[in-house]
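Asks: Residue numbers (the working numbering): 26 to 511.
Rendered as structure tokens:
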């Protein structure tokens, strides 16, 4: 072989090696970048039009989200469908194939599972690679109980507010509702212009139907916060349930000309009452005075132990409840009764109730029960995790009995269920906007062996509905009944 032929052969070999290297780089190294490029229409079209897995309730009885085919073979695409309409909208979110990049809530959080790309699905992907089968989407089951969710949605119908129910022993979210809501089907069609118009209208609605008030809205908790204050006082030995405390009709707030009163100017007994009675009657003056005596740091530490300052990973996007350090005695007095700058989510107050129900221990709230294969074989099971120890079992037992007294003989009688001990606490919080009030009830049942803990809040911007005991307590009763009947 002469030199010219050898040079030509070497050149050909170099070219072949370079070509193979370039192909290898494109197929195995640069491919993920190409697939993720939004300008790659072939990939993005396939992604947004593929069949996704289902979101179902834990018992599999209800399908909350599914993909439906559109068109005829071979030009079949898929659109997302929500059979339960608005009932679970703030949980499932929506997947708008015609408005790419705007999926929300569980559609977004569980995207890897629903599209077949989760770590738990690696075996299926490997099998599909060798068999040449189409990628298989996975499914997700939730902890929700349909009967509890139905009761919540019915209770909140026509009102603005939210409700959350937990299993206090495990942290499972049994129900979560926000009102007003929206129909996710209106945001999942194939007409991009129509979807964008619908989305813009919902976004501009002053009632904020897209907002999940259960985890993303902050409210003053009012007297429901007295559970936290009571835990702090008892933990520091300031009182027990039978301690007789001063309960004047008015309390002068230091450094101000303001006199703090009980709700509607009512008297709290004869001016001296056992602490349990002050709790049952939801008296403001003794709690404000005791809060000032205790100090801001212990109250703030107690709030933190209940979860204030932390966003629970349920795993929907929410906000942290707030107990800013009071910088004046008058601020501390109001903070001790759930006013001033104290702000909570309904989920947070359900966690507070759960702590009392579960002997002082809070379990981490969670919504996803299982990740499953395309044929509903369990790939990953979510399990209960401890969130924090909020108080001792002994203090939790004392507060539990005080909460039973609230329902049996105090401000929460409207939450009572014949033949069942219910524990609860009412709250009527001033919003600071005009005459606006937020009406609360938090509680659990059965009191001695709790299976469900609940928090309900109803907004009353005109301050005309009533109190937490007359507005929120009856709604909580229907939710608790649904929970204990499961």
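Here a beta-carbon is modelled for each residue, glycine too, at the ideal position from N, C-alpha and C.
Taking 7 Å as the limit between beta carbons, can you name the residues of its chain near residue 277, skipping five residues before and five after?
Replies: Within the same chain, residue 277 has close Cβ partners 284.
Asks: Does DSSP put residue 273 in a helix, in a strand, or in coil?
Replies: The answer is coil: DSSP assigns residue 273 none of H, G, I, E or B.
Asks: Nearest-angstrom Cα distance between residue 342 and residue 240?
Replies: So the alpha carbons of these two residues sit roughly 8 Å apart.
Asks: Would you kindly check if the distance between the Cβ of residue 415 and the Cβ of residue 380 is under 9 Å?
Replies: Yes, these two residues count as a Cβ contact at 9 Å.
Asks: Across which residues does DSSP place residue 94 in a beta bridge pair?
Replies: Its beta-bridge partners are 103.
Asks: Would residue 243 and residue 370 qualify as a contact pair, given that the criterion is a beta-carbon distance under 9 Å?
Replies: It is a contact, given that the beta carbons lie within the stated cut-off.
Asks: To which residues of the same chain is residue 96 closer than 7 Å at the C-beta, ignoring the five residues directly before and after it?
Replies: Cβ neighbours of residue 96 beyond the five flanking positions: 102.
Asks: Throw me the rounded Cβ distance for the residue 210 and residue 79 pair, which I believe falls under 8 Å.
Replies: About 15 Å separates the two Cβ atoms, so there is no contact after all.
Asks: Mapping DSSP to helix, strand and coil, what is residue 393?
Replies: Residue state, collapsed to three classes: strand.
Asks: Using the Cα positions of residue 212 and residue 142, report the straight-line distance between them to the nearest angstrom.
Replies: Residue 212 and residue 142: Cα-Cα distance of roughly 24 Å.
Asks: What does the alpha-carbon distance come out to for the pair residue 45 and residue 34?
Replies: Spanning the two alpha carbons is a distance of roughly 16 Å.
Asks: Starting from residue 466, follow its DSSP beta bridges and name the residues at the other end.
Replies: For residue 466, which the question treats as bridged, DSSP gives the partners 451, 481.
Asks: Give the DSSP-derived three-state secondary structure of residue 490 in the structure shown.
Replies: Correct three-state label for residue 490: coil.
Asks: Taking only three categories from DSSP, how would you classify residue 236?
Replies: Reduced to three states, the DSSP call for residue 236 is coil.
Asks: Using CA atoms only, rank isn't needed, just tell me which of 393, 419, 451 is closest to residue 434.
Replies: With distances taken between Cα atoms, residue 434 lies closest to 451.
Asks: Are residue 372 and residue 480 touching if we call contact CB-CB under 9 Å?
Replies: Going by C-beta atoms, residue 372 is nearer than 9 Å to residue 480.
Asks: Between which two residues does the alpha helix (DSSP H) carrying residue 302 extend?
Replies: Unbroken alpha helix (DSSP H) run through residue 302: 300–305.
Asks: Using the three-state DSSP reduction, which class does residue 243 fall into: helix, strand or coil?
Replies: Of the three classes helix, strand and coil, the one that applies to residue 243 here is coil, per DSSP.
Asks: Sorted by chain position, which residues of the same chain lie with C-beta nearer than 6 Å to residue 249's C-beta, five sequence neighbours on each side aside?
Replies: These residues qualify, in order along the chain: 374, 450, 452, 465, 467.
Asks: For residue 267, which option in 367, 301, 193 has the closest C-alpha, if you only look at C-alpha atoms?
Replies: Ranking 367, 301, 193 by Cα distance to residue 267 puts 301 first.
Asks: Among 355, 186, 226, 83, which has the Cα closest to the Cα of residue 279?
Replies: It is 355.
Asks: Using alpha carbons as the reference points, say which of 507, 472, 500 lies closest to residue 439.
Replies: The candidate whose alpha carbon is nearest that of residue 439 is 500.
Asks: Starting from residue 164 and walking both ways along the beta strand (DSSP E), at which residues does that stretch end?
Replies: Note, residue 164: beta strand (DSSP E), 164–167.
Asks: Tell me, to the nearest whole angstrom, how far the beta carbon of residue 410 is from that of residue 436; I am working on the premise that it is less than 8 Å.
Replies: In fact, because the Cβ distance is near 34 Å, the residues do not count as touching under 8 Å.
Asks: Is residue 369 helix, strand or coil when you go by DSSP?
Replies: Residue 369: strand per DSSP, three-state reduction.
Asks: Would the stretch 415–431 and the stretch 214–222 be scored as touching if the rule is three or more Cβ pairs under 8 Å?
Replies: With a cut-off of 8 Å, the stretch 214–222 and the stretch 415–431 do not count as touching, because too few Cβ pairs lie within range.
Asks: For residue 217, which option in 127, 293, 173 has the closest C-alpha, if you only look at C-alpha atoms?
Replies: Nearest C-alpha to residue 217: 127.
Asks: Given 8 Å as the limit, is there contact between the stretch 384–398 and the stretch 194–203, that is, 3 or more CB pairs closer than that?
Replies: A contact exists between the stretch 384–398 and the stretch 194–203.
Asks: CA-CA distance, residue 67 and residue 408?
Replies: Confidence is the limiting factor: at residue 67 the pLDDT is only 47, short of 50, which leaves the residue's position unreliable, though a coordinate-based value still follows. If I take the Cα positions, the gap works out to 39 Å.
Asks: May I have a chain-ordered list of the beta strand (DSSP E) segments no shorter than 3 residues that lie completely inside the stretch 310–342?
Replies: With a minimum length of 3 residues, no continuous beta strand (DSSP E) run stays inside the stretch 310–342.
Asks: Using only alpha-carbon positions, find the residue among 260, 173, 116 that is nearest to residue 326.
Replies: Taking only the C-alpha atoms, the option nearest residue 326 is 260.
Asks: Is residue 422 near residue 176, with beta carbons less than 9 Å apart?
Replies: The answer is no: Cβ separation not under 9 Å.
Asks: Are the CB atoms of residue 184 and residue 483 within a distance shorter than 9 Å?
Replies: Closer than 9 Å, so yes.
Asks: Please classify residue 30: is it buried, with 16 or more other beta-carbons within 10 angstroms of its beta-carbon, or exposed?
Replies: Looking at its Cβ environment, which holds fewer than 16 other Cβ atoms inside 10 Å, residue 30 is exposed.
Asks: What does the alpha-carbon distance come out to for the pair residue 504 and residue 173?
Replies: The alpha-carbon atoms of residue 504 and residue 173 are separated by roughly 6 Å.
Asks: Within the continuous alpha helix (DSSP H) that includes residue 3, where are the two ends?
Replies: With the chain covering 26 to 511 only, the question about residue 3 has no answer from this structure.
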